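Asker: The structure that follows is given in the form of structure tokens.
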Amino acid sequence: MSADIAKLENIAKQVRRDIVRMVHSCQSGHPGGSLGCADFFVALYFNQLHHDPKFNLNGIGEDIFFLSNGHISPVFYSTLARAGYFEISELATFRKINSRLQGHPTTHEHLPGVRVASGSLGQGLSVAIGAAQAKKLNGDDKLVYVLMGDGELQEGQVWEAAMYAPHNKVDHLIATIDLNGQQIDGSTEQVLSLGNLRAKWEAFGWKVLEANGNHMSQLIQTLNEAKEHTGKGKPIMILMRTEMGNGVDFMMGSHKWHGVAPNDEQLAAALNQLEETLGDY
Amino acid sequence: MKKYTYTEKKDTRSGFGAGLHEVGKKNSQVVALCADLIGSLKMGDFKKDFPDRFFQVGIAEANMMGMAAGLTIGGKIPYTGTFANFSTGRVYDQIRQSIAYSGKNVKICASHAGLTLGEDGATHQILEDIGLMKMLPGMTVINPCDYNQTKAATIAIADYEGPVYLRFGRPSVPIFTDPDQKFEIGKAWMVNEGSDVSIIATGHLVWEAIQAGEKLAEQGIDAEIINIHTIKPLDEEAILKSVTKTGCVVTAEEHNRIGGLGDSVAQVLAKDGPAPQEYVAVNDSFGESGTPADLMKKYGLDAESIISAVKKVIKRK
Numbered sequence: 001m002s003a004d005i006a007k008l009e010n011i012a013k014q015v016r017r018d019i020v021r022m023v024h025s026c027q028s029g030h031p032g033g034s035l036g037c038a039d040f041f042v043a044l045y046f047n048q049l050h051h052d053p054k055f056n057l058n059g060i061g062e063d064i065f066f067l068s069n070g071h072i073s074p075v076f077y078s079t080l081a082r083a084g085y086f087e088i089s090e091l092a093t094f095r096k097i098n099s100r101l102q103g104h105p106t107t108h109e110h111l112p113g114v115r116v117a118s119g120s121l122g123q124g125l126s127v128a129i130g131a132a133q134a135k136k137l138n139g140d141d142k143l144v145y146v147l148m149g150d151g152e153l154q155e156g157q158v159w160e161a162a163m164y165a166p167h168n169k170v171d172h173l174i175a176t177i178d179l180n181g182q183q184i185d186g187s188t189e190q191v192l193s194l195g196n197l198r199a200k201w202e203a204f205g206w207k208v209l210e211a212n213g214n215h216m217s218q219l220i221q222t223l224n225e226a227k228e229h230t231g232k233g234k235p236i237m238i239l240m241r242t243e244m245g246n247g248v249d250f251m252m253g254s255h256k257w258h259g260v261a262p263n264d265e266q267l268a269a270a271l272n273q274l275e276e277t278l279g280d281y
Numbered sequence: 001m002k003k004y005t006y007t008e009k010k011d012t013r014s015g016f017g018a019g020l021h022e023v024g025k026k027n028s029q030v031v032a033l034c035a036d037l038i039g040s041l042k043m044g045d046f047k048k049d050f051p052d053r054f055f056q057v058g059i060a061e062a063n064m065m066g067m068a069a070g071l072t073i074g075g076k077i078p079y080t081g082t083f084a085n086f087s088t089g090r091v092y093d094q095i096r097q098s099i100a101y102s103g104k105n106v107k108i109c110a111s112h113a114g115l116t117l118g119e120d121g122a123t124h125q126i127l128e129d130i131g132l133m134k135m136l137p138g139m140t141v142i143n144p145c146d147y148n149q150t151k152a153a154t155i156a157i158a159d160y161e162g163p164v165y166l167r168f169g170r171p172s173v174p175i176f177t178d179p180d181q182k183f184e185i186g187k188a189w190m191v192n193e194g195s196d197v198s199i200i201a202t203g204h205l206v207w208e209a210i211q212a213g214e215k216l217a218e219q220g221i222d223a224e225i226i227n228i229h230t231i232k233p234l235d236e237e238a239i240l241k242s243v244t245k246t247g248c249v250v251t252a253e254e255h256n257r258i259g260g261l262g263d264s265v266a267q268v269l270a271k272d273g274p275a276p277q278e279y280v281a282v283n284d285s286f287g288e289s290g291t292p293a294d295l296m297k298k299y300g301l302d303a304e305s306i307i308s309a310v311k312k313v314i315k316r317k
């Protein structure tokens with residue numbers, strides 16, 4: 001394992017600690033999906049994106065990222081803070097009154113790093129496509145990234161956007177789906193089966209890649225590969241398998257930790273499994 | 001009564017199309033999106049002259065609203081174009097989250113609003129759109145009255161930073177406002193000064209109010225007529241000043257009486273200057289197929305309806 005990968009994994013450990021502590025502190029929020037996507041966020045913000053934590057909303061000359069499944073805000077906020085967008089101490093305000101760290105991310109309180117509100121599902125891919133088109137008009141060759149949940153694919157708007165991007169050759173767009181197989185009422189298989197997603201996205205005209213979202217070096221490899229496919233006439237979709245609750249054994253793989261906060265004992269047990277690598281906020 | 005004449009009738013949607021083309025020439029940041037209604041929205045000239053800045057999204061309004069929000073990130077000024085029903089009710093949550101709550105500089109341009117869409121019937125005749133849009137925090141709501149005013153509004157909103165709902169229609173109506181008018185968002189236009197009653201009208205009902213005013217003058221009733229082209233933010237000062245003087249008000253709009261201009265005016269008056277008010281509006285119902293003129297008559301949105309309302313409200317003073 002290279003030094004770089006070890007460094008990224010260390011950051012991801014701290015992000016996981018931040019997530020469970022934030023959710024515990026306000027006794028609400030979504031730890032499961034946040035933990036599962038910790039490696040992805042760290043890979044993006046600490047390895048992939050050309051970005052400036054001084055933050056300009058228009059992001060001209062930068063790669064920009066949109067979070068469509070806004071309920072995994074804890075991982076987004078922790079990553080942004082750890083990347084220097086705002087003080088890590090602000091993570092303590094998550095979901096509390098007068099905070100910029102709203103339950104779901106928003107531009108309304110001007111939190112650096114957030115470019116659109118999300119939470120009501122299915123909207124982020126459209127926003128990302130619009131931002132990608134603005135980049136083209138501006139002669140800006142940087143990329144647009146968006147993350148969606150798998151349950152979110154049940155929203156019809158996703159498929160409107162899915163149709164638009166290939167038709168219009170939006171090829172500087174890298175979308176990722178967090179395939180953890182879980183949603184609030186159970187597994188996606190039980191609630192509303194997503195079917196063969198590779199075949200679906202390919203049929204819509206996307207270049208489809210698959211990733212292991214909880215294996216840092218493999219994930220980086222897939223993200224690098226995705227970049228190589230940009231500019232070739234097709235939007236790119238990464239089907240990223242993750243484990244809900246990854247990093248905390250009793251939260252792993254179950255929809256029960258989608259939107260439930262740990263109690264004091266559960267927090268202690270979770271933190272026991274997550275090394276403090278960068279210092280808690 | 002001040003005399004208003006016209007030499008030409010045109011649809012307000014054509015005012016939008018002309019305004020969009022002009023603002024496209026003036027401001028290279030302006031982009032346009034359309035959901036398979038280029039002809040209906042009169043967006044053809046913009047598309048022809050600025051093909052790179054025009055986005056055909058297909059019959060996919062939710063995606064259009066999201067894309068418009070995204071286009072603002074990078075500094076574009078997107079104008080979305082589809083029918084009023086598909087610009088509001090169909091995509092309310094997309095507008096609410098991705099545009100209004102996100103504070104995006106999107107201009108939601110909505111044609112075929114109200115009953116005067118005509119023969120297509122109630123599925124397309126939205127009468128709730130003003131209410132839906134004005135309830136969104138930070139949303140500006142504009143409903144101009146003729147071709148010239150619609151054109152001027154279309155151009156003016158590019159210079160305003162923030163989400164705007166611009167509502168216009170399909171039928172040909174008299175052009176009676178100045179072609180070179182300066183459009184000021186939120187500023188009422190005094191159509192006629194009078195002393196017996198205030199008629200506060202928006203959109204297609206402004207011309208009807210003028211027709212009513214002329215007939216009322218013949219009967220010795222001196223009506224003050226105000227055009228409220230911006231329903232939000234509302235020119236409260238102009239409304240209060242007028243109603244304080246006349247002592248009663250008739251509001252007139254091509255919209256459900258619940259949630260439209262009338263309710264906005266009533267809210268102002270209830271708080272700062274209670275006065276009798278009558279509504280000329282659709283009485284909490286859906287529309288139906290018919291010619292615009294037949295529909296306006298049947299649903300009580302013509303000059304005759306305004307005259308009846310004026311007589312009723314004056315008695316209540």
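So the protein lines, in turn, are chains Z and Y.
Take the first sequence: its letter number 77 is residue 77 in the UniProt record's numbering, and every next letter is one higher.
Take the second sequence: its letter number 156 is residue 156 in the UniProt record's numbering, and every next letter is one higher.
From the three backbone atoms N, C-alpha and C, an ideal C-beta is built for every residue, glycine too.
This structure is a prediction, so every number in the text was calculated from the model and none was measured.
#1: Three-state secondary structure (DSSP) at A223 of chain Y?
#2: In chain Y, which residues lie with their C-beta within 7 Å of the C-beta of G233 of chain Z?
#3: Okay, do the region 76-89 of chain Z and the region 154-172 of chain Z touch, 3+ Cβ pairs below 8 Å being the bar?
#4: Indicate whether at least one CB of chain Y lies closer than 8 Å to the CB of K135 of chain Z.
#5: How about A38 of chain Y and M65 of chain Y: do their beta carbons lie closer than 8 Å?
#6: Of all the options Y:G203, Y:S198, Y:Q56 and Y:Y160, which has the alpha carbon lying nearest to the alpha carbon of F176 of chain Y?
#7: Identify every run of the alpha helix (DSSP H) within the region 227-279 of chain Z, keeping only runs that are complete inside it and at least 4 residues long; order them along the chain.
#8: Taking only beta-carbon atoms, is I129 of chain Z less than 8 Å away from chain Y?
#9: Residues of chain Z with CB closer than 7 Å to the CB of A69 of chain Y, please, in chain order.
#10: Examine chain Z for any beta-carbon lying closer than 8 Å to the beta-carbon of G74 of chain Y, and answer yes or no.
#11: Have a look at Q14 of chain Z and Y164 of chain Z and give me their C-alpha separation to the nearest angstrom.
#12: Going by alpha carbons, who is nearest to A261 of chain Z out of Z:R21, Z:I11, Z:G253 and Z:Q123?
#13: Could you check how far apart the C-beta atoms of G103 of chain Y and G70 of chain Y are, in whole angstroms? I think they sit under 8 Å.
#14: For chain Y, is any of its Cβ atoms less than 8 Å away from the one on N58 of chain Z?
#15: Is it true that the CB of I19 of chain Z sits closer than 8 Å to the CB of F46 of chain Z?
#16: Counting C-beta neighbours from all protein chains within 10 Å, is the total for L35 of chain Z 16 or more, i.e. buried, or is it exposed?
#17: Could you name the residues of the same chain whose beta carbon sits closer than 7 Å to that of N212 of chain Z, not counting the 5 residues immediately before and after it, in chain order?
#18: With 9 Å as the C-beta to C-beta threshold (strictly closer), list the residues of the region 202-233 of chain Z near chain Y in chain order.
#19: Using a beta-carbon distance below 8 Å, is Y92 of chain Y in contact with chain Z?
#20: Name the chain Y residues that come within less than 9 Å of H108 of chain Z, Cβ to Cβ?
#21: Between the region 246-261 of chain Y and the region 85-100 of chain Y, can you find at least three pairs of beta-carbon atoms closer than 8 Å?
#22: Going by other Cβ atoms of all chains shown within 10 Å of its Cβ, with 16 needed for buried, is H104 of chain Z buried or exposed?
#23: Any contact of the region 160-171 of chain Y with the region 250-261 of chain Z, i.e. 3+ C-beta pairs under 8 Å?
#24: Check whether the Cβ of E62 of chain Z lies closer than 8 Å to any Cβ atom in chain Y.
#25: Taking the alpha carbon of L20 of chain Y as the point to measure from, which residue in Y:G58, Y:T7, Y:G118 and Y:I77 has its own alpha carbon closest?
#26: In chain A, which residues lie with their C-beta within 7 Å of the C-beta of N138 of chain Z?
#27: Counting pairs of Cβ atoms below 8 Å between the region 275-294 of chain Y and the region 230-248 of chain Y, do you hit three or more?
#28: If contact means a Cβ-Cβ distance below 9 Å, which residues of the region 80-92 of chain Z contact chain Y?
#29: Could you name the residues that DSSP lists as bridge partners for L20 of chain Y?
#30: Taking A110 of chain Y as part of the beta strand (DSSP E), name the residues at either end of that continuous run.
#31: Using a Cβ-Cβ distance under 8 Å, would Y77 of chain Z count as near chain Y?
#32: Starting from A252 of chain Y, trace the beta strand (DSSP E) in both directions and tell me its first and last residue.
#33: For A32 of chain Y, decide whether its Cβ has a neighbour in chain Z, counting only Cβ atoms nearer than 8 Å.
#34: Between G287 of chain Y and L295 of chain Y, what straight-line distance do the alpha-carbon atoms span, to the nearest angstrom?
#35: For the structure I just gave you, are there three or more beta carbon pairs, one from the region 145-155 of chain Z and one from the region 183-195 of chain Z, closer than 8 Å?
#36: Within 8 Å of any Cβ in chain Z, is that where the Cβ of D52 of chain Y sits?
Answerer: In short, the structure shows the following:
#1: In the second sequence, residue 223 of chain Y corresponds to position 223, counting from 1. The answer is strand: DSSP assigns A223 of chain Y an E or B state.
#2: In the first sequence, counting from the first residue as 1, residue 233 of chain Z sits at position 233. What G233 of chain Z touches in chain Y: nothing, since even the nearest Cβ is about 17 Å away.
#3: no
#4: As a working note, residue 135 of chain Z is residue 135 in the first sequence. K135 of chain Z counts as touching chain Y.
#5: On the second sequence, position 38 is the one that residue 38 of chain Y refers to. On the second sequence, position 65 is the one that residue 65 of chain Y refers to. Going by the sequence as given, residue 38 of chain Y is Ile instead of Ala. No.
#6: Here residue 176 of chain Y corresponds to residue number 176 of the second sequence, with the count starting at 1. Among Y:G203, Y:S198, Y:Q56 and Y:Y160, the Cα nearest to that of F176 of chain Y is on Y:G203.
#7: Entirely contained in the region 227-279 of chain Z, the alpha helix (DSSP H) runs reaching 4 residues are, in chain order, 264-273.
#8: Stepping through the first sequence from its first residue, residue 129 of chain Z is reached at position 129. It does: the Cβ of I129 of chain Z has a partner Cβ on chain Y nearer than 8 Å.
#9: Taking the second sequence and counting its residues from 1, one reaches residue 69 of chain Y at position 69. The answer, in chain order, is V116, V127 and G130.
#10: In the second sequence, counting from the first residue as 1, residue 74 of chain Y sits at position 74. Yes, its Cβ sits closer than 8 Å to a Cβ of chain Z.
#11: Locating residue 14 of chain Z in the first sequence gives position 14, counting from the first residue. Locating residue 164 of chain Z in the first sequence gives position 164, counting from the first residue. Rounded to whole angstroms, Q14 of chain Z to Y164 of chain Z spans 38 Å at the Cα level.
#12: As a working note, residue 261 of chain Z is residue 261 in the first sequence. The residue with the shortest Cα to Cα distance from A261 of chain Z is Z:R21.
#13: In the second sequence, residue 103 of chain Y corresponds to position 103, counting from 1. In the second sequence, residue 70 of chain Y corresponds to position 70, counting from 1. Between G103 of chain Y and G70 of chain Y the beta-carbon gap is near 14 Å, outside 8 Å, which marks them as no contact.
#14: As a first step, residue 58 of chain Z is located in the first sequence; it is residue number 58 there, counting from the start. N58 of chain Z counts as touching chain Y.
#15: Taking the first residue of the first sequence as position 1, residue 46 of chain Z is located at position 46. Taking the first residue of the first sequence as position 1, residue 19 of chain Z is located at position 19. No, they are not a contact pair.
#16: Against the first sequence, residue 35 of chain Z aligns to sequence position 35. By the neighbour-count rule (16 or more Cβ atoms within 10 Å), L35 of chain Z is buried.
#17: By 1-based counting over the first sequence, the position of residue 212 of chain Z is 212. Q218, L219 and R241, listed in sequence order.
#18: none
#19: The residue labelled residue 92 of chain Y in the question sits at position 92 within the second sequence. Not an interface residue.
#20: As a working mapping, residue 108 of chain Z is identified with position 108 in the first sequence. Those are Y101, S102 and G103, listed as they occur along chain Y.
#21: no
#22: Reading the first sequence from its first residue, position 104 is the one you call residue 104 of chain Z. Classification of H104 of chain Z: buried, given that the 10 Å Cβ count is 16 or more.
#23: No: fewer than three Cβ pairs fall under 8 Å.
#24: In the first sequence, residue 62 of chain Z corresponds to position 62, counting from 1. So no, E62 of chain Z is outside the interface.
#25: Working through the second sequence from its first residue, we reach residue 20 of chain Y at position 20. Comparing Cα positions, the closest option is Y:I77.
#26: Of the protein chains in this structure, namely Z and Y, none is chain A.
#27: Enough Cβ pairs lie closer than 8 Å, so yes.
#28: none
#29: Here the question's residue 20 of chain Y lines up with position 20 in the second sequence. L20 of chain Y pairs with nothing; no bridge assigned.
#30: The residue given as residue 110 of chain Y occupies position 110 in the second sequence. Taken as a continuous stretch (DSSP letters only), the beta strand (DSSP E) holding A110 of chain Y covers K107 to S111.
#31: Stepping through the first sequence from its first residue, residue 77 of chain Z is reached at position 77. Not an interface residue.
#32: Translated into positions along the second sequence, residue 252 of chain Y becomes position 252. Element bounds for A252 of chain Y: V249 to N256.
#33: On the second sequence, position 32 is the one that residue 32 of chain Y refers to. No, because no Cβ of chain Z sits closer than 8 Å to the Cβ of A32 of chain Y.
#34: Locating residue 287 of chain Y in the second sequence gives position 287, where the first residue counts as 1. Locating residue 295 of chain Y in the second sequence gives position 295, where the first residue counts as 1. Looking at the two C-alpha atoms, the distance is approximately 8 Å.
#35: Output reads yes: the region 183-195 of chain Z touches the region 145-155 of chain Z.
#36: Counting from 1 along the second sequence, the entry for residue 52 of chain Y is found at position 52. Closer than 8 Å: yes.
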